[in-house]
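Reviewing the structure listed below.
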Amino acid sequence: DTAVSQTPKYLVTQMGNDKSIKCEQNLGHDTMYWYKQDSKKFLKIMFSYNNKELIINETVPNRFSPKSPDKAHLNLHINSLELGDSAVYFCASSQVSRLLNTEAFFGQGTRLTVV
Amino acid sequence: AQKVTQAQTEISVVEKEDVTLDCVYETRDTTYYLFWYKQPPSGELVFLIRRNSFDEQNEISGRYSWNFQKSTSSFNFTITASQVVDSAVYFCALSESLTSGTYKYIFGTGTRLKVLA
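So the protein sequences, as listed, match chains A and B.
Residue numbering for the first sequence follows the working numbering, starting at 1 and increasing by one per position.
Residue numbering for the second sequence follows the working numbering, starting at 1001 and increasing by one per position.
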């Protein structure tokens, strides 16, 4: 069973469109993340949710809106797509407590290409 | 501010050579975790190791070994007898504690390793 799954794996769309990427984890983790990897391979956190509550919202355009219907899901919706949004988007989850901090478990990534 | 530095952008070695990937970090936390991930050409992020800041023992796993030195804030990764399949981008990462009691993971810029046959 895939621990963290995100769909779609590839997404090609035109400028101005709205698109969503879905993410689900079956690990029972409390915390989920969205990371963006640019063309230089730099991985930067965008959002984090803990038990459906938004914890981290880095400097991301408000065209990007995460939604967590439950702690196993964290979806990413992007409005009015721009060329600069082209990147690989990774969903991840982890279990964090005062006594334990697991590694982040990553999905396979969604390669978004805006044309 | 928390920071992870991987000064080596790209390394090329010939198969069977040993290679060390450097990682230096900065953190204000007294308890923290360090990680290494591998990203092969296929693109997924593969977890390699997690190290707690209180555990300074070096670790060996097959051809992989890690040297954690708190005194120099370094967590270096060595591949012994490298193979072509080791060609990938390797990321060092650090957990940063947040006031919410959770963490976020800060990644270095990655080191691209090319192992030539």
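All C-beta atoms, glycine included, are put in the ideal place defined by N, C-alpha and C.
| Query | Result |
| --- | --- |
| Any chain A beta carbon closer than 9 Å to V1089 (chain B) | yes |
| Listed by chain order, chain B residues near E103 (chain A) by CB distance under 7 Å | F1035, F1047, R1050 |
| Those runs of the beta strand (DSSP E) which lie wholly inside the stretch 1071-1114 of chain B and span at least 3 residues | 1074-1079, 1088-1097, 1103-1107 |
| Buried/exposed call for D70 (chain A), threshold 16 Cβ in 10 Å | exposed |
| Nonlocal neighbours in the same chain, by C-beta distance under 7 Å from S967 (chain B), ignoring five residues either side | An answer regarding residue 967 (chain B) cannot be provided, because it is not within the stretch 1001 to 1117 covered by chain B. |
| Same chain, Cβ closer than 6 Å to Y10 (chain A), neighbours up to 5 away in sequence not counted | R111 |
| Close Cβ partners of S48 (chain A) (< 6 Å) along its chain, the five nearest in sequence each way excluded | Y33, I55, I56 |
| Host beta strand (DSSP E) of T1027 (chain B) (start-end) | It is not in any beta strand (DSSP E) - T1027 (chain B) carries neither H nor E in the DSSP assignment. |
| Alpha-carbon to alpha-carbon, E1017 (chain B) and A1137 (chain B) | There is no way to answer for residue 1137 (chain B), as the model of chain B reaches only from 1001 to 1117. |
| Within chain B, the residues that V96 (chain A) reaches when beta carbons sit closer than 7 Å | T1102, Y1103 |
| Bounding residues of the beta strand (DSSP E) (the contiguous stretch that carries H77 (chain A)) | 75-78 |
| Backbone CA spacing between Q37 (chain A) and Q1039 (chain B) [nearest angstrom] | 12 Å |
| CA-to-CA distance, H77 (chain A) to Q6 (chain A), given in whole angstroms | 13 Å |
| G109 (chain A): contacting residues in chain B (beta-carbon distance under 7 Å) | G1043, E1044 |
| Q1008 (chain B) CB to nearest heavy atom of the ligand COA below 8 Å | Among the components of this structure there are no ligands whatsoever, and the ligand COA is therefore not found. |
| Q14 (chain A) to F1035 (chain B) span [Cα, whole Å] | 37 Å |
| From B:K1070, B:V1019, B:N1052, B:Q1002, residue whose alpha carbon lies closest to that of A1088 (chain B) | B:V1019 |
| Contacting residues, own chain, Cβ-Cβ under 7 Å from V12 (chain A) (five flanking each side not counted) | T113, V115 |
| Below-9 Å beta-carbon distance, F1107 (chain B) vs any chain A residue | yes |
| Run of the beta strand (DSSP E) containing S1012 (chain B), from where it starts to where it stops | 1010-1014 |
| Assumed close pair S94 (chain A), T31 (chain A) - CB separation to whole angstroms, cut-off 8 Å | 5 Å |
| Continuous beta strand (DSSP E) stretch holding R952 (chain B): start and end | Look at the range of chain B in this structure, 1001 to 1117, and you will see that residue 952 (chain B) is not part of it. |
| 9 Å Cβ cutoff, A1007 (chain B) in contact with chain A | no |
| Rounded separation between C91 (chain A) and M46 (chain A) - CA only | 10 Å |
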